[in-house]
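So the structure is just underneath, and the comments pick up after that.
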Amino acid sequence: MKRHLIELPISTRDGQFIARYSEKGLAELDFPNANCRRRGNESQIAANRDSSRRLLQIQKWHRLTTDALENILAGKEPKKLPPLDWTGKTDFQKSVWRQMLKIPAGKTKSYGEIAQAVGKPKAVRAVGGACGANPVPVLVPCHRVLAANKKLGGFSGGLDWKRKLLALEGIKLLL
DNA sequence: GACAGATGAAGGA
DNA sequence: TCCTTCATCTGTC
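Pasting the structure below:
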C-alpha cells in the first residue's frame with residue numbers, strides 16, 4: 001500500500017530541501033540535488049485534494065521543519081521538531097534513530113556507542129545500516145554518528161554534506 | 001537462506 | 001602507523 005505524501009520544498013541558503021509529509025508527520029527529507037532518490041510517483045503535490053484541516057496541520061509541521069532545518073544549518077539546536085512518521089520501519093531502526101535524536105548539537109557518538117545505547121553492543125554494522133536507512137537526515141542527526149577514532153564513516157546525503165554539517169557545529173574531524 | 005554493509009578490533013609488517 | 005582479515009548483527013532480496 002502506497003502512502004500518500006505531500007511534498008513541499010524548503011529553500012535554504014544551502015539549496016532547496018524537499019520535505020514529504022504523511023498524515024502522521026514528516027516522513028522523508030531529501031537533500032538539495034538528491035535527484036528524487038525515491039521514485040516520486042508515490043508522492044505528489046496534491047494539496048487541493050486534501051481537507052483544509054489536514055492542510056493546516058501540514059503547514060504547521062512544515063514551519064517546524066523549516067525552523068529546525070534553518071537552526072541546524074546555523075549550527076544551533078532545533079527548538080522543536082515536527083512529529084516524525086516512521087511507519088513501516090523496524091524496531092531496531094527506530095531505536096537507533098531515537099538514540100541519534102538524543103545527541104546534542106556539537107557532540108558526536110560512534111556507531112559502537114549507538115549500538116551499546118540500543119542494547120546491542122555488537123550490532124555496530126547494523127547501526128550503520130540503520131543510519132543509511134534514515135529517511136529524515138539532518139533532523140535525525142545521523143551526521144553526528146562517526147566511525148571509531150572520529151573518522152568520517154559514511155553518509156546517505158554524501159560525505160560533503162556530512163563534513164559541512166559537522167563543521168557548522170564546530171566538530172573537528174581526523175582527516 | 002544468502003549476501004551486503006556508513007564497524008570495530010586484532011594481528012602482522 | 002597502515003593494511004588486512006575476520007567476527008558480529010541486521011536488513012533486504
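With my numbering applied, the first sequence corresponds to residues 1 to 175, in that order.
Where is the CB? At the ideal position from N, CA and C, for every residue including glycine.
Are the segment 9–18 and the segment 56–69 touching, with three or more C-beta to C-beta distances below 8 Å? yes
Bridge partner(s) assigned by DSSP for R20: By one-based count along the first sequence, residue 20 stands at place 20. Per DSSP, E7 and E28.
Tell me whether the beta-carbon of W61 lies closer than 8 Å to the beta-carbon of G25. Translated into the one-based positions of the first sequence, residue 61 becomes position 61. Translated into the one-based positions of the first sequence, residue 25 becomes position 25. It is a contact, given that the beta carbons lie within the stated cut-off.
Report, in whole angstroms, the separation of the C-beta atoms of Y111 and G132, which I expect to be a contact under 8 Å. Here residue 111 refers to the residue found at position 111 when the first sequence is read from its first residue. Here residue 132 refers to the residue found at position 132 when the first sequence is read from its first residue. Not a contact, Cβ separation roughly 11 Å.
Using a 10 Å radius around the Cβ and a threshold of 16 neighbouring Cβ atoms, would you call L29 buried or exposed? Translated into the one-based positions of the first sequence, residue 29 becomes position 29. The residue is buried, with at least 16 neighbouring Cβ atoms inside 10 Å.
Once you ignore the five residues that flank L165 on each side, which residues in its own chain have a CB closer than 6 Å to its CB? Here residue 165 refers to the residue found at position 165 of the first sequence. These residues qualify, in order along the chain: H143.
How many angstroms separate the CA atom of A19 from the CA atom of G106? Within the first sequence, the letter at position 19 stands for residue 19. Within the first sequence, the letter at position 106 stands for residue 106. One alpha carbon belongs to A19, the other to G106, and they sit about 24 Å apart.
Taking buried to mean at least 16 other C-beta atoms within 10 Å of its own C-beta, is G157 buried or exposed? Here the question's residue 157 lines up with position 157 in the first sequence. Result: buried.
Under a Cβ-count criterion, where at least 16 other Cβ atoms within 10 Å of its own Cβ denotes burial, should P176 be classed as buried or exposed? Outside the shown range of the chain, which is 1 to 175, sits residue 176, and nothing can be said about it.
So, helix, strand or coil for V96, using DSSP? Numbered from 1 along the first sequence, position 96 holds the residue referred to as residue 96. Note: V96 maps to helix in three-state DSSP.
Can you say whether N33 is buried or exposed, counting buried as having 16 or more other CB atoms within 10 angstroms of its CB? Numbered from 1 along the first sequence, position 33 holds the residue referred to as residue 33. Around the beta carbon of N33, a 10 Å sphere encloses fewer than 16 other beta carbons of the protein chains shown; the residue is thus reported as exposed.
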